[in-house]
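Asker:
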Amino acid sequence: MKFGIVAGMIALAAASRFLPHPPNFTPITGMALFGAAYFAKKYWAFIIPFVALWFSSMILDNVVYAQYYDGFQFFSQPWVFVSLILITLLGTGLLKKVNLKNVVGTSLLASALFFLVTNFGAWQMDITGLYAADFSGLLACYAAGLPYFLNTIAGDLFYCGVLFGGYELVKQQLPQLQTL
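In this text, residue positions in the sequence shown follow our numbering: the first is 1261, and each later residue adds one.
1) Report the option in I1347, L1355, N1359 and G1353 whose CA atom is closest to the CA atom of A1372.
2) In three-state DSSP terms, what is D1394?
3) I'd like to know whether the C-beta atoms of Y1391 and C1401 end up nearer to each other than 8 Å.
4) I'd like the list of long-range same chain contacts for S1367, defined as Cβ closer than 7 Å, with 5 residues on each side in sequence excluded.
5) Given a threshold of 16 other Cβ atoms within 10 Å of its Cβ, counted over all protein chains shown, does N1359 qualify as buried or as exposed?
6) Below 8 Å, how does it come out for the region 1300 to 1310 and the region 1261 to 1278: are there three or more Cβ pairs, yes or no?
7) Please report the residue range of the alpha helix (DSSP H) in which S1371 lies.
8) Is the beta carbon of V1377 closer than 8 Å to that of V1342?
9) Can you list, in chain order, the residues of its chain with a C-beta nearer than 7 Å to that of F1375? Leave out the 5 residues immediately preceding and following it.
10) Using a threshold of 8 Å, state whether the C-beta atoms of T1352 and K1302 are closer than that.
11) I'd like the span of the alpha helix (DSSP H) that includes G1331, first residue to last.
12) Give the secondary structure of Q1438 by DSSP, where H, G and I count as helix, E and B as strand, and everything else as coil.
Spelled out as structure tokens, the structure:
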């Protein structure tokens, strides 16, 4: 039962990507940390959020953003997925005990990790030629990403709050989850 509830909540979080939202205000970190905290078999903490993100990304890329791509997009944002995996690793290490302090602290670290990884990826894969292929170009890419960083933090804290808080509410309604 716990597996289904956790997986379902992650799937719902991924589906929320289809709702209008500010740039970078997404459930990605929340999905990764929530799975890391609550899946008993840690391989599910990697698989379920990864598949949910991949499936929602395919729909977004091929339906909503299709005008920006040539042909079918199967896997368009590899650095987002790299960050998802690293955030899941972070969560498995830091969320052995789920409490407000640990969730907020890990969420903030994950926000920084996402920012560093995805902006590095944007610089490394720069197909527009916006950034020089040296350290100054990397710094310029990070500077260009700073306006979105507050939305990343806000989205990460929001989705962690919804997922972790929502699960606590479900546990109150289903006492059999208290011991799992």
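C-beta: ideal position from N, C-alpha, C; glycine also.
Answerer: Taking the geometry as given:
1) Answer by Cα proximity: I1347.
2) coil
3) yes
4) T1289, L1293, D1416, L1417 and C1420
5) exposed
6) yes
7) L1360 to Q1384
8) In contact: V1342 and V1377 (Cβ atoms closer than 8 Å).
9) G1405, F1409 and T1412
10) Yes, these two residues count as a Cβ contact at 8 Å.
11) Neither: G1331 is in no alpha helix (DSSP H) and is coded neither H nor E.
12) coil
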